[in-house]
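**Q** This is the structure I have questions about; it appears just below.
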Amino acid sequence: SGCYFAAIYGAVAIHFSGKMSRLVLICAPICTIGCAIWCGFVLDFALEPILLLLGKQGYKGSEEDVDGEKSSVKNGDKSPVKNGTAESKAKAKSEAKDAKGKENKGKQAADSGKGKTQEKASAKKATTHAGEFSQSPLEEHHEEHRPGGIMQIKHLIKSGMWEAVPESTRKAYVDGRAFIDRNPLVLLARLGLSAAVLYTVMGYEPKVTTFVQHCHSVAKSLSNPKVVTMMRDRVHGMVKMDDYLKGYQWIDQNTPKDSRVIAWWDYGYQITGIAKRTSIADGNTWNHEHIATLGRTLTSPEKKAHNAIRHIADYLLVWAGGGGDDLAKSPHLARIGNSVFPEHCGDDDPRCNKFGFHQDRSPTPMMAKSLLYKAVMHNLAAGVKLDPRYFKEVHTTKHGKMRVYQVMNISQ
């Protein structure tokens with residue numbers, strides 16, 4: 006049923022959200038379902054006393070079914086067992102008229118029938134008291150018995166649990182529930198409690214409105230495309246900046262279909278989805294050593310990086326042009342690489358502080374020698390240029406936000 010699906014979905018969502026923070030997105034549906042269940046519970050709790058006061062049938066007491074049977078018998082609505090008793094008495098009476106010698110036999114049959122009737126009545130009475138739980142009758146929200154599956158397992162477990170409870174406790178529970186649902190004073194008290202609950206919930210309305218507005222704004226910002234944005238140009242004002250989209254489209258149209266593109270994992274999905282090429286890593290790469298190897302390679306000296314890249318990729322892609330480009334991320338890449346390969350920055354520098362910028366924004370010697378710095382600043386800064394024996398520039402977008410290089414002398 007739906008409740009078990011929601012429970013399993015929630016457990017799975019929590020498990021995988023703990024594995025990777027971005028997977029917290031899969032918690033959105035189950036959080037929505039949980040809030041809806043809570044709201045429905047509060048609404049049911051508030052409306053229940055009103056419906057009971059208006060005539061809805063409440064919970065039945067433990068003696069109610071037995072009393073109903075007794076009253077029906079008094080009114081002449083006899084059970085099949087009692088009808089059988091009357092027939093045996095009539096038969097005995099007719100036999101007494103026919104033959105005096107058969108009178109005792111008829112009486113014995115009548116007495117026997119009466120004894121069986123009493124035994125069945127007492128058994129039925131006991132079943133009414135305890136059988137209500139042992140058989141676990143359907144609740145209001147159950148439409149029918151469905152053999153097999155989780156519902157039958159639940160039915161059997163619930164029946165076993167109720168059987169383990171003493172009969173006196175079961176009777177007290179049923180009578181208490183019936184009293185709560187049928188006593189007018191208790192219903193009025195429940196009505197007052199419902200009003201208090203609704204008043205308290207309504208007090209959160211301003212906060213709920215603010216939260217919903219925040220959710221809409223975040224959803225709107227996240228749904229905007231990341232490869233096409235609006236930017237302010239000093240000459241033309243607000244212009245559309247589609248460098249990333251155009252760059253991926255260029256790769257799709259100008260490189261072999263089986264090409265492999267190496268870039269930081271942030272762009273892996275875009276390389277696969279827009280450029281339609283194989284990426285070395287993406288957001289689904291959970292192996293930390295894999296990511297660390299990529300970070301170390303990109304922040305290594307050009308020749309050392311080429312020795313590794315020529316075996317795994319055909320093209321190198323970097324984000325440039327300032328802002329959140331690869332140079333801004335590069336110290337983070339170096340630290341990730343150093344976390345698995347401590348010789349990258351040295352044991353004396355676990356935070357890899359030697360890879361970064363000086364206060365005047367000039368690169369440190371380690372950064373200046375790195376492949377990433379040279380690829381981003383190729384022919385833009387004085388004296389910064391990639392060796393054409395290792396990497397050949399094949400494309401730079403209009404605003405310089407993306408640069409693509411062909412890896413030379415790739416391994417066959």
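Residue 242 in this note's numbering sits at position 237 of the sequence shown, with consecutive numbering throughout.
Cβ coordinates follow ideal geometry from the N, Cα and C atoms, glycine included.
#1: Which full runs of the beta strand (DSSP E) of 3+ residues lie inside the region 252-288, going along the chain?
#2: Please report the Cβ distance between Val409 and His400, rounded to the nearest whole angstrom; I am assuming they are in contact, meaning their Cβ atoms lie under 8 Å.
#3: Would you list the one or two residues that DSSP bridges to Phe362?
#4: Glu172 lies in the beta strand (DSSP E); which residues open and close that run?
#5: Following a CB-centred definition, is Ile42 positioned closer than 7 Å to any heavy atom of the ligand PLP?
#6: Quick check on the burial criterion: 16 or more other C-beta atoms within 10 angstroms. Buried or exposed for Lys262?
#7: May I ask which residues mark the beginning and end of the beta strand (DSSP E) holding Arg340?
#8: What span of residues does the alpha helix (DSSP H) with Val233 cover, start to end?
#9: How many Å lie between Val179 and Ser173 at the Cα?
#10: Got a sec? Which residues, its chain only, sit under 6 Å from Val232 by beta carbon, not counting five neighbours each side?
#11: Considering only C-alpha positions, which residue in the set Val381, Trp255, Ala280, Gly66 is nearest to Gly329?
#12: Helix, strand or coil for Lys406 per DSSP?
#13: So what's Arg195 in DSSP terms, helix, strand or just coil?
#14: Quick check: Leu203 and Ala51, are their CB atoms within less than 8 Å of each other?
#15: In whole angstroms, what is the alpha-carbon distance linking Ala11 and Ile162?
#16: Which residue from Ile341, Asp49, Phe46, Arg282 puts its Cα closest to that of Gln258?
#17: Check Pro393 in the structure and name its three-state DSSP category.
#18: Between which two residues does the alpha helix (DSSP H) containing Lys45 stretch?
#19: Under 8 Å by Cβ, that's how I've got Leu377 and Leu299 pegged, so tell me the actual separation to the nearest angstrom.
**A** If we stick to the structure as given:
#1: 265-267
#2: Position 404 of the sequence shown, counting from 1, holds the residue named residue 409. Position 395 of the sequence shown, counting from 1, holds the residue named residue 400. Confirmed, Cβ separation roughly 4 Å.
#3: Numbered from its first residue, the sequence shown carries residue 362 at position 357. According to DSSP, which records beta bridges pairwise, Phe362 is partnered with Pro368.
#4: Within the sequence shown, the letter at position 167 stands for residue 172. Careful: Glu172 lies outside any beta strand (DSSP E), inside the alpha helix (DSSP H) at 172-187.
#5: In the structure shown, the ligand PLP is absent, as is every other ligand, since no ligand is present at all.
#6: The count along the sequence shown starts at 1 and reaches residue 262 at position 257. Label assigned to Lys262: exposed.
#7: Residue mapping note: residue 340 aligns to position 335 of the sequence shown, counting from 1. No beta strand (DSSP E) holds Arg340; the alpha helix (DSSP H) holding it covers 331-345.
#8: For the purposes of this step, residue 233 is identified with residue 228 of the sequence shown, where counting begins at 1. First-last for Val233: undefined, no H or E at that position.
#9: Here residue 179 corresponds to residue number 174 of the sequence shown, with the count starting at 1. Here residue 173 corresponds to residue number 168 of the sequence shown, with the count starting at 1. Looking at the two C-alpha atoms, the distance is approximately 10 Å.
#10: Along the sequence shown, one-based indexing puts residue 232 at 227. Correct list, in chain order: Tyr249, Leu250.
#11: Looking up residue 329 in the sequence shown gives position 324. Selected option, being the one with the closest Cα: Val381.
#12: Position 401 of the sequence shown, counted from the first residue, corresponds to residue 406. Lys406 falls in the coil class under three-state DSSP.
#13: Mapped onto the sequence shown, residue 195 falls at position 190. Helix, per DSSP.
#14: The count along the sequence shown starts at 1 and reaches residue 203 at position 198. The count along the sequence shown starts at 1 and reaches residue 51 at position 46. Yes, Cβ-Cβ distance for Leu203 and Ala51 is below 8 Å.
#15: By 1-based counting over the sequence shown, the position of residue 11 is 6. By 1-based counting over the sequence shown, the position of residue 162 is 157. Computed Cα separation, rounded: 20 Å.
#16: Mapped onto the sequence shown, residue 258 falls at position 253. For Gln258, the nearest C-alpha among the options comes from Arg282.
#17: Here the question's residue 393 lines up with position 388 in the sequence shown. Here Pro393 sits in coil by DSSP.
#18: Along the sequence shown, one-based indexing puts residue 45 at 40. Note that residue 45 corresponds to Gly in the displayed sequence, not to Lys. Element bounds for Gly45: 32-58.
#19: Within the sequence shown, the letter at position 372 stands for residue 377. Within the sequence shown, the letter at position 294 stands for residue 299. Contact doesn't hold; Cβ gap of about 11 Å is too wide.
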